[in-house]
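Number of protein chains: 2
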Amino acid sequence: MDTEFKEAYFNTAIVTSVVLFGFEDDKLKILTIPQEFEPFKGASVLPSKYVRVNDSVESKVKEIMNELTDVDFEYAEQLKAFTKVFRNPLGRVVNIAFYALVKINDEVLARCEKNNAKWEDYNQIPDLAFDHNEIIDYAKERLKRRVKRRPIGFLLLPKYFTINQLQKLYEIALDREMDKRNFRKKIFNSELIIETDMEDTSGRKAAKLYKFDEERYEKLSLKGYDFLF
Amino acid sequence: MDTEFKEAYFNTAIVTSVVLFGFEDDKLKILTIPQEFEPFKGASVLPSKYVRVNDSVESKVKEIMNELTDVDFEYAEQLKAFTKVFRNPLGRVVNIAFYALVKINDEVLARCEKNNAKWEDYNQIPDLAFDHNEIIDYAKERLKRRVKRRPIGFLLLPKYFTINQLQKLYEIALDREMDKRNFRKKIFNSELIIETDMEDTSGRKAAKLYKFDEERYEKLSLKGYDFLF
DNA sequence: CCAAAAGTGTTCGGAATACACCCATGA
DNA sequence: TCATGGGTGTATTCCGAACACTTTTGG
Numbered sequence: 304m305d306t307e308f309k310e311a312y313f314n315t316a317i318v319t320s321v322v323l324f325g326f327e328d329d330k331l332k333i334l335t336i337p338q339e340f341e342p343f344k345g346a347s348v349l350p351s352k353y354v355r356v357n358d359s360v361e362s363k364v365k366e367i368m369n370e371l372t373d374v375d376f377e378y379a380e381q382l383k384a385f386t387k388v389f390r391n392p393l394g395r396v397v398n399i400a401f402y403a404l405v406k407i408n409d410e411v412l413a414r415c416e417k418n419n420a421k422w423e424d425y426n427q428i429p430d431l432a433f434d435h436n437e438i439i440d441y442a443k444e445r446l447k448r449r450v451k452r453r454p455i456g457f458l459l460l461p462k463y464f465t466i467n468q469l470q471k472l473y474e475i476a477l478d479r480e481m482d483k484r485n486f487r488k489k490i491f492n493s494e495l496i497i498e499t500d501m502e503d504t505s506g507r508k509a510a511k512l513y514k515f516d517e518e519r520y521e522k523l524s525l526k527g528y529d530f531l532f
Numbered sequence: 304m305d306t307e308f309k310e311a312y313f314n315t316a317i318v319t320s321v322v323l324f325g326f327e328d329d330k331l332k333i334l335t336i337p338q339e340f341e342p343f344k345g346a347s348v349l350p351s352k353y354v355r356v357n358d359s360v361e362s363k364v365k366e367i368m369n370e371l372t373d374v375d376f377e378y379a380e381q382l383k384a385f386t387k388v389f390r391n392p393l394g395r396v397v398n399i400a401f402y403a404l405v406k407i408n409d410e411v412l413a414r415c416e417k418n419n420a421k422w423e424d425y426n427q428i429p430d431l432a433f434d435h436n437e438i439i440d441y442a443k444e445r446l447k448r449r450v451k452r453r454p455i456g457f458l459l460l461p462k463y464f465t466i467n468q469l470q471k472l473y474e475i476a477l478d479r480e481m482d483k484r485n486f487r488k489k490i491f492n493s494e495l496i497i498e499t500d501m502e503d504t505s506g507r508k509a510a511k512l513y514k515f516d517e518e519r520y521e522k523l524s525l526k527g528y529d530f531l532f
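So the sequence lines, in the order shown, correspond to chains A and B.
So for the first sequence, our numbering puts the first residue at 304; every next one is plus one.
So for the second sequence, our numbering puts the first residue at 304; every next one is plus one.
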């Protein structure tokens, strides 16, 4: 069709931003990086990329994650499109935001450092440019919902973890304190975690280490199993 | 900035589609209309509009709803962006889809007829053009979740309704049969509905008519109340 | 008179909650 | 030795699920 039509409608840019959640030092964290270009150059933002006309949005999310973590891909899911009409001199930008979960390890930390990225505390997110704080709020709500229905804790914690680490994670994500005994009861009833013979000896008293039973989870998921926290 | 940059990034069209849910004849319905232009002219699609550079997406959703219903606005909420790279000769199109709830009445039916729109049965949605069936599947999931946490039945039913109508709605949305006695217990426990002295005499035995207690719901919502179905 | 839809209570089991003390160890 | 964090069991309450019969009336 004619150029006039094309110019009237095909004139929006797509950006994708990723709210990357990680767990470190018994705390939930969200990754921010300094904005590379104008506008807001230097301000903290969520890791983001333009989506060009033949790019899939998901491939851009993967690129972001591959640059900042050491695994091909862990878990990402679209939140929604953020469409506020910003006064960007270049034109209209729509942000298709994702939330994603990664296990933080030394390699991840090294890559983040190389990119000047910073893991901000879940409860102390600084002011970010654009509407990125709004995106984070939305992502937190999504996390809250997901954590109740799917065992996503296992995507955030290291392979071997203590029950107390898991509980900390739930407490932060759900924003409430929980009773130790009731928490253990619920977790062990789910039969999704396996006790190992390893221990975490970093605290006062050694703590048993557990791992997630992925096989069992796959099987249960197929049968319409609900995690229900 | 330079035109080259602008052409490289600002070249996507935004469309919004609305999955409009209604309840009529004891059944949940979704509205489709015939596609007006190529491609797929004449095929059934979800009501949709281009979003131009200075339009808010929400305003376009309202336009769609105002054309097809008789109220300014009832309830709409973004689902997510559908971003598949379609072979549209014009270029890349991103669809920011919404789901919305309306009360079907004679005025609505008249407007729909005028627009050749059709209320399709929730469980017998025909093949639609583009990825609109995928959007509907996503909307159904959202409805399922919402119906459990918020009393959205009251946005779909007429002002006065019977308990059995409400139950039918829940049964379709949640895709399972429910026990009459348990259903009533749960609904009455919520204290969100008010008995009226009217009756629906269209069936064999007259049925009591109820209405939603909006005031009470507002108050409860403020206190972080959860509907929990 | 009978088919079809409205209306109504009780019992049971499982899950959520509340709650308090002992143990091991590093400082 | 004591402060810190790990680990454990029971009683109560509440909610969801299962379940069957009576009433009204249009055909």
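Here a beta-carbon is modelled for each residue, glycine too, at the ideal position from N, C-alpha and C.
For residue i, decide whether its Cβ has a neighbour in chain B, counting only Cβ atoms nearer than 9 Å.
i        : result
A/Gly325 : no
A/Tyr353 : yes
A/Ile317 : yes
A/Val360 : yes
A/Phe308 : yes
A/Asn314 : yes
Looking at the secondary structure, which residues open and close the beta strand (DSSP E) in which residue i lies?
i        : result
A/Ala413 : Run containing A/Ala413: none in the beta strand (DSSP E); it sits in the alpha helix (DSSP H), 409-417.
A/Asn391 : From DSSP, A/Asn391 is part of no beta strand (DSSP E); its letter is neither H nor E.
A/Lys578 : Given that chain A is displayed from residue 304 to residue 532, the structure contains no residue 578 of chain A and the question cannot be resolved.
B/Glu480 : Looking at the DSSP string, B/Glu480 is not in any beta strand (DSSP E), and its letter there is neither H nor E.
A/Glu502 : 496-503
From what residue to what residue does the alpha helix (DSSP H) around residue i run?
i        : result
B/Phe491 : 483-493
A/Tyr353 : No alpha helix (DSSP H) holds A/Tyr353; the beta strand (DSSP E) holding it covers 351-354.
B/Gln468 : 466-477
B/Val364 : 360-371
A/Ala316 : That residue, A/Ala316, is in no alpha helix (DSSP H); its beta strand (DSSP E) goes 316-327.
Does DSSP put residue i in a helix, in a strand, or in coil?
i        : result
A/Asp440 : helix
A/Tyr513 : strand
B/Lys526 : coil
A/Ala403 : strand
B/Tyr463 : coil
B/Thr306 : helix
B/Glu518 : helix
A/Lys508 : coil
A/Tyr312 : helix
B/Val374 : coil
A/Leu382 : strand
B/Lys447 : helix
B/Leu334 : strand
Once the 5 residues before and after residue i are set aside, which same chain residues still bring their CB inside 8 Å of it?
i        : result
A/Ser493 : Pro454, Phe530
A/Ala400 : Thr319, Ser320, Val321, Val322, Leu349, Gln381, Leu382, Lys383, Ala384, Phe385, Ile438, Tyr441, Ala442
B/Ala346 : Pro337, Gln338, Leu431, Ala432
A/Asp375 : Lys365, Asn369
A/Asn408 : Asp373, Pro461
B/Thr499 : Tyr463, Lys511, Leu512, Tyr513, Lys514
Is there a C-beta anywhere in chain A that falls below 9 Å from the one on residue i?
i        : result
B/Ile438 : no
B/Ala311 : yes
B/Val322 : no
B/Val356 : yes
Within the same chain, show all residues whose beta-carbon is closer than 7 Å to that of residue i, passing over the 5 residues directly before and after it, in chain order.
i        : result
B/Leu424 : Checking the sequence, you will find Asp at residue 424 of chain B rather than Leu. Result list for B/Asp424: Lys330, Lys332, in chain order.
A/Leu495 : Pro454, Phe515, Asp516, Arg519, Tyr520
B/Val388 : Arg395
A/Gln468 : Asp329, Leu460
B/Asn419 : Ile336, Pro337
A/Lys462 : Lys514
A/Lys363 : Thr319, Lys352, Val354
Only counting the same chain, and skipping five residues up and downstream in sequence, which positions put a Cβ closer than 6 Å to that of residue i?
i        : result
A/Ala316 : Val396
Measuring only from the beta carbon, is residue i closer than 8 Å to any heavy atom that is part of the ligand ADP?
i        : result
B/Lys352 : As far as ligands go, the structure on display features none, and thus does not contain the ligand ADP.
> When you check each C-beta in the stretch 371-405 of chain A against every C-beta of chain B, which residues fall closer than 7 Å?
Replying inline: Under the 7 Å Cβ criterion, the stretch 371-405 of chain A contributes Gln381, Lys383, Ala384, Thr386, Val388, Leu393, Gly394, Arg395, Val397, Ile399.
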